[in-house]
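Residues 0 to 131, numbered by numbering that gives the first Met the number 0, are exactly what the sequence shown covers, in order.
Read the structure below first, then the notes.
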Amino acid sequence: MKNGNGETVARNIIAQGTTVQGDIESSGDLRIEGSVSGTIKVKGKVVVGETGKIEGQVNCQSADISGTAKIKLESAELTTLRAASKFTGDIITKKISIEPGAVFSGTCQMGSSVQPAVPQRNITGIKTKTVE
0 MKNGNGETVA
10 RNIIAQGTTV
20 QGDIESSGDL
30 RIEGSVSGTI
40 KVKGKVVVGE
50 TGKIEGQVNC
60 QSADISGTAK
70 IKLESAELTT
80 LRAASKFTGD
90 IITKKISIEP
100 GAVFSGTCQM
110 GSSVQPAVPQ
120 RNITGIKTKT
130 VE
């Protein structure tokens with residue numbers, strides 16, 4: 000699969016019956032049918048299937064959730080909670096779609112200026128000057 004820049008984008012799958020504990024980073028898409036606990040940073044789409052379970056923090060371009068999620072989600076574009084989803088946590092997204100039957104418990108912040116958090120780099124030795 001290629002993105003709009005002509006680059007090949009990876010599609011990663013965590014299969015049902017697989018458990019991952021730790022951080023995942025990918026420049027492609029990620030589908031979760033198993034269980035993941037940790038921080039996920041994906042430049043593409045995160046899909047949590049009906050058998051998928053996820054805990055931790057997710058930063059992605061878009062999210063489509065059908066399974067169980069206990070996360071802080073930051074999505075630059077669209078977040079979709081499907082009818083079978085059980086979501087607990089916080090959502091920061093540009094747009095959200097919640098299907099009838101979905102369970103959502105938490106907070107949601109949305110708008111056109113919302114962007115996923117960029118990892119902060121520790122910079123030392125820089126002096127700043129405040130201008131009044």
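Built from N, CA and C at the ideal position, the CB exists for glycine as well.
What does the alpha-carbon distance come out to for the pair residue i and residue j?
{"i": "T18", "j": "T87", "result": "20 angstroms"}
{"i": "V41", "j": "G110", "result": "20 angstroms"}
{"i": "C107", "j": "S65", "result": "18 angstroms"}
{"i": "K52", "j": "K94", "result": "23 angstroms"}
{"i": "L29", "j": "V102", "result": "22 angstroms"}
{"i": "S26", "j": "G105", "result": "28 angstroms"}
{"i": "G16", "j": "K69", "result": "19 angstroms"}
{"i": "Q119", "j": "T79", "result": "Caution applies to Q119, whose pLDDT of 42 falls short of 50 and renders its modelled position unreliable; the model cannot decide the point."}
{"i": "I13", "j": "T50", "result": "11 angstroms"}
Is there at least one non-hydrogen atom of the ligand COA closer than 7 angstroms to the beta-carbon of residue i?
{"i": "I91", "result": "No copy of the ligand COA appears in this structure; indeed no ligand is present at all."}
Taking the continuous beta strand (DSSP E) assigned at residue i, which residues delimit it?
{"i": "A68", "result": "T67 to L80"}
{"i": "A62", "result": "S61 to I64"}
Between residue i and residue j, how many whole angstroms is the CB-CB distance? I'm expecting something under 8 angstroms.
{"i": "Q20", "j": "G37", "result": "6 angstroms"}
Nearest by alpha-carbon distance to residue i: which of the options is it?
{"i": "A62", "options": "T50, L77, Q56 and I70", "result": "L77"}
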